[in-house]
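Worksheet for the structure shown next.
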Amino acid sequence: QKEVEQDPGPLSVPEGAIVSLNCTYSNSAFQYFMWYRQYSRKGPELLMYTYSSGNKEDGRFTAQVDKSSKYISLFIRDSQPSDSATYLCAFLNYGGSQGNLIFGKGTKLSVKP
Amino acid sequence: EAQVTQNPRYLITVTGKKLTVTCSQNMNHEYMSWYRQDPGLGLRQIYYSMNVEVTDKGDVPEGYKVSRKEKRNFPLILESPSPNQTSLYFCASGRKSNQPQHFGDGTRLSIL
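As you go down the protein sequences, you meet chains A and B in turn. All letters in the first sequence, in the order written, are residues 148 to 260 by the numbering used here. All letters in the second sequence, in the order written, are residues 39 to 150 by the numbering used here.
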């Protein structure tokens, strides 16, 4: 079983749609959960960071963590063409002594005007 | 502006010719790391540094060296580059190892 699974897409939605992006993981030691956005020819940009189960909201973005199911989601409301990018889930072990982020392979999102 | 700066952004070179990719951060972060990103493999950590003069191997360290003489700088050194090191490289920094990391815009290396 892979440590992190993320559907690579591509995912194409019309402007204004609600987008749901998901990752599953197998490592129970993961305690920090992140979503990064990566535009073409740019580095990953941190969108959301949480270390507990439940929901965290920031503007149009909501991150959801379900530790019991080992499943995390990112919801984007009222999606915009500027949201077109690759979205990467990322995880850190408890303690994070190495600080080694474990990334999903990324989901490529396209929001059409 | 808080940022991680990498140079060069693009480099084409030949096998065996030593090269250095520089990385500098202006956020006074203790933790810095290098990743490479390859199609189908995603982002993988090469080396990391918990603080000045403290460095350690990540998941794919073979063929790379690093140093951390100052808090803000963390250069990646390829002493004898080979074609399998052709990749997109990212430097990242964070306040601590268990805090989110902020990434530079990447260096695309092509080793012929």
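The beta-carbon is built from N, C-alpha and C at its ideal position, and this holds for glycine as well. The structure displayed is predicted, hence computed values, not measured ones.
Check	Outcome
N- and C-terminal bounds of the beta strand (DSSP E) containing A/Asp205	201-205
DSSP beta-bridge partners of A/Lys259	A/Pro161
is_contact[A/Pro161, chain B] using C-beta, thresh 8 Å	no
Those residues which DSSP pairs with B/Val98 across a bridge	Beta-bridge pairing links B/Val98 to no other residue.
Residues from the segment 123-142 of chain B in contact with chain A, defined by Cβ distance under 9 Å	Phe128, Cys129, Ala130, Gly132, Lys134, Ser135, Asn136, Gln137, Pro138, Gln139, His140, Phe141, Gly142
Span of the beta strand (DSSP E), counted from its first residue to its last, around B/Gln41	That residue, B/Gln41, is in no beta strand (DSSP E); it is neither H nor E in DSSP.
Partner residues on chain B for A/Lys189, Cβ-Cβ distance less than 9 Å	Phe141, Asp143, Gly144
Buried or exposed (CB count within 10 angstroms, at least 16 for buried), B/Ser120	exposed
Proximity below 8 Å, CB of B/Arg82 to CB of B/Arg146	no
Classification of B/Ser118 by the beta-carbon crowding that lies within 10 angstroms, buried from 16 upward	exposed
Distance between A/Pro161 and B/Phe112 (C-alpha atoms, nearest Å)	42 Å
Alpha-carbon to alpha-carbon, A/Ser200 and A/Arg214	Strictly speaking, residue 214 of chain A in this sequence is Lys, with Arg absent from that position. Those two C-alpha atoms are separated by around 6 Å.
CB of A/Asn247 within 8 Å of CB of B/Gly78, strictly	no
At least three beta-carbon pairs within less than 8 Å, the segment 66-77 of chain B to the segment 123-139 of chain B	yes
Same chain, Cβ closer than 7 Å to B/Val42, five either side skipped, listed in chain order	Cys61, Gln63, Cys129, Ala130, Ser131, His140, Phe141, Gly142
8 Å contact criterion, which A/Glu192 and A/Tyr179 should meet: CB distance rounded	So it is not a contact: roughly 17 Å between Cβ atoms.
Sub-8 Å separation of A/Thr171 and A/Lys217 beta-carbons	yes
Beta strand (DSSP E) segment containing B/Asp143, residue limits	Looking at the DSSP string, B/Asp143 is not in any beta strand (DSSP E), and its letter there is neither H nor E.
Contact set between the segment 83-105 of chain B and chain A, restricted to residues whose Cβ is under 8 Å from the partner	Gln83, Tyr86, Met88, Asp94, Gly96, Asp97
Contact list for A/Gly156 against chain B, beta-carbon separation under 8 Å	Those do not exist, as A/Gly156 stays about 14 Å from chain B at its closest Cβ, beyond 8 Å.
Proximal residues of chain A, C-beta to C-beta of B/Tyr69 below 9 Å	Gly246
Residues near A/Ala232 in its chain [Cβ-Cβ closer than 7 Å; skip 5 each side]	Arg184, Gln185, Tyr186, Leu256
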